[in-house]
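Here the structure is laid out as structure tokens; the discussion comes afterwards.
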Amino acid sequence: MTDMNPGFFGRIGIAFGAFFGILGNAAFAGRVQRLREAPLAPEAAPVAPAAPEKPQAPQPPKPAAAPVQPAPSALKEASPVAALQLLGLLQRDARFIDFVEEDIAQYTDADIGAAARLVHDGCRAVLREHFSIKPVRGEAEGSRITLQEGFDAAAVRLTGNVVGKPPFSGSISHRGWKVEDTRLPKLAPSHDASIVAPAEVEL
Numbered sequence: 001m002t003d004m005n006p007g008f009f010g011r012i013g014i015a016f017g018a019f020f021g022i023l024g025n026a027a028f029a030g031r032v033q034r035l036r037e038a039p040l041a042p043e044a045a046p047v048a049p050a051a052p053e054k055p056q057a058p059q060p061p062k063p064a065a066a067p068v069q070p071a072p073s074a075l076k077e078a079s080p081v082a083a084l085q086l087l088g089l090l091q092r093d094a095r096f097i098d099f100v101e102e103d104i105a106q107y108t109d110a111d112i113g114a115a116a117r118l119v120h121d122g123c124r125a126v127l128r129e130h131f132s133i134k135p136v137r138g139e140a141e142g143s144r145i146t147l148q149e150g151f152d153a154a155a156v157r158l159t160g161n162v163v164g165k166p167p168f169s170g171s172i173s174h175r176g177w178k179v180e181d182t183r184l185p186k187l188a189p190s191h192d193a194s195i196v197a198p199a200e201v202e203l
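Letter 172 of the sequence shown, counting from 1, is numbered 172 in the UniProt record's numbering, and no numbers are missing.
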């Protein structure tokens with residue numbers, strides 16, 4: 001096999017042979033000219049022997065992904081307008097704020113009882129006019145009941161010695177209250193609900 005990269009003395013012999021061949025053979029001279037004008041192909045870089053693959057160390061097992069905890073539900077902010085409106089109704093019909101803010105230490109129990117009766121009557125009138133209120137439990141107070149698993153903890157609060165899991169047996173100490181309908185008056189856009197009782201000026 002001919003050496004594709006001859007040494008120095010080999011190249012001298014090739015140069016002399018090419019020189020005389022070009023002078024005596026036009027076709028050979030043309031081939032040499034075309035070879036000189038052709039772009040030289042880049043020499044192939046010697047291929048390094050592939051390095052032996054290193055044995056891979058055993059990978060430690062990946063830790064199990066932690067269970068995704070559901071995001072806590074956002075707290076809903078209650079509008080103060082309805083509460084202020086109810087407070088205004090209690091003040092208007094029962095003088096509720098006047099009664100609570102009064103210093104009753106100087107009054108006798110009889111005086112307080114008489115005032116409380118007026119406040120009671122007015123508060124009851126407000127509740128019955130603007131709300132439909134029913135007991136949470138239909139049983140009479142003192143009745144024995146059994147609460148099965150899955151009972152509504154928002155509607156029934158356990159008191160006393162609460163131990164273990166349902167079913168729970170106990171007696172009703174308070175039936176609770178649930179509002180089934182609300183009928184508060186509609187307010188004009190310009191109404192300031194924070195004024196629960198306007199000041200009174202007698203002329």
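Every residue gets a Cβ at the ideal spot worked out from N, C-alpha and C, and that includes glycine.
Per-residue burial, residue i [other beta carbons within 10 Å of its own, 16 or more giving buried]
i	result
Leu75	exposed
Ala44	In this predicted model, Ala44 has a pLDDT of only 49, less than 50, meaning its place in the structure is not dependable; the value taken from the coordinates is given anyway. Label assigned to Ala44: exposed.
Gly88	buried
Ala199	exposed
Limits of the alpha helix (DSSP H) - the one that residue i falls within
i	result
Val119	Asp109 to His130
Gly176	It is not in any alpha helix (DSSP H) - Gly176 carries neither H nor E in the DSSP assignment.
Leu86	Pro80 to Ala94
Cut-off 8 angstroms between Cβ atoms - residues of its own chain near residue i, not counting five sequence neighbours on either side
i	result
Gln85	Leu184, Pro185, Leu187 and Ala193
Ala116	Phe99
Pro135	Arg175, Gly176, Trp177 and Lys178
Residue closest to residue i, alpha-carbon to alpha-carbon, out of the options
i	options	result
Ala155	Lys165, Val163, Gly164 and Gly138	Gly138
Gln133	Ala78, Val179 and Phe168	According to the sequence displayed, residue 133 carries Ile and not Gln. It is Val179.
Ala83	Leu118, Val196 and Ala140	Val196
Ser190	Val81, Val32, Val201 and Ala27	Val81
Glu141	Ser171, Asp103 and Arg34	Ser171
Same chain, Cβ closer than 6 angstroms to residue i, neighbours up to 5 away in sequence not counted
i	result
Trp177	Ile133
Gln169	Rather than Gln, the amino acid found at residue 169 in this sequence is Ser. Result list for Ser169: Thr146, in chain order.
Gly30	none
Unbroken beta strand (DSSP E) run spanning residue i, endpoints
i	result
Phe168	Phe168 to Ser171
Gly147	The amino acid occupying residue 147 in the given sequence is Leu; Gly does not appear at that position. From DSSP, the beta strand (DSSP E) with Leu147 extends over Arg144 to Leu147.
Contacting residues, own chain, Cβ-Cβ under 7 angstroms from residue i (five flanking each side not counted)
i	result
Leu158	Phe168
Gln106	none
### Task
Examine the Cβ distances between the segment 140-157 and the segment 107-124 and report whether three or more of them are shorter than 8 angstroms.
no
### Task
Determine contact between the segment 140-147 and the segment 120-131, defined as no fewer than three beta-carbon pairs at a distance below 8 angstroms.
no
### Task
Taking 8 angstroms as the threshold, find out whether the segment 88-100 comes into contact with the segment 113-124 through three or more Cβ pairs.
yes
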